[in-house]
Amino acid sequence: IIHRTIRVWVDEETGERFYETKGDHNRNQVQQPPILDETRIDTQQVVGRAVARIPYLGYVKIWFVNIIEYITGRSVAI
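In terms of my numbering, the sequence shown opens at residue 655 and continues consecutively.
Structure, rendered in structure tokens:
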């Protein structure tokens, strides 16, 4: 699951480059520092870069999780 980069900016004090991202499933950006802040992602937090797009593939994961939750009666995090 990938978040889109919606802005790249440089901190004027430190000169560090930061990315601002947005998950398409989320209505608003997640802003729960320090772990889930989508507004200030430094270059060390970038794991990779998307090279292809397969529309609707994420639905397979959602369906799978829903089936597991239905069968087990428990919430599943994948």
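By construction, the Cβ of each residue, glycine as well, lies at the ideal position given by its N, Cα and C atoms.
Residue(s) in a DSSP beta bridge with residue i
i: T659; result: T675
i: D696; result: F672
i: V664; result: R671
6 Å Cβ shell around residue i - same chain, five flanking residues per side excluded
i: E674; result: I660, R661, T693
i: V714; result: none
i: I656; result: A704
From the options, residue whose alpha carbon lies closest to that of residue i
i: K676; options: D665, G712, D691; result: D691
i: V664; options: I708, I695, V700; result: I695
Neighbourhood of residue i by C-beta distance below 7 Å, restricted to the same chain and skipping five residues each side
i: T697; result: R671
Legend entry - Meets three-Cβ-pair contact criterion under 8 Å: the segment 662-674 and the segment 701-721: At 8 Å Cβ cutoff, the stretches do not touch.
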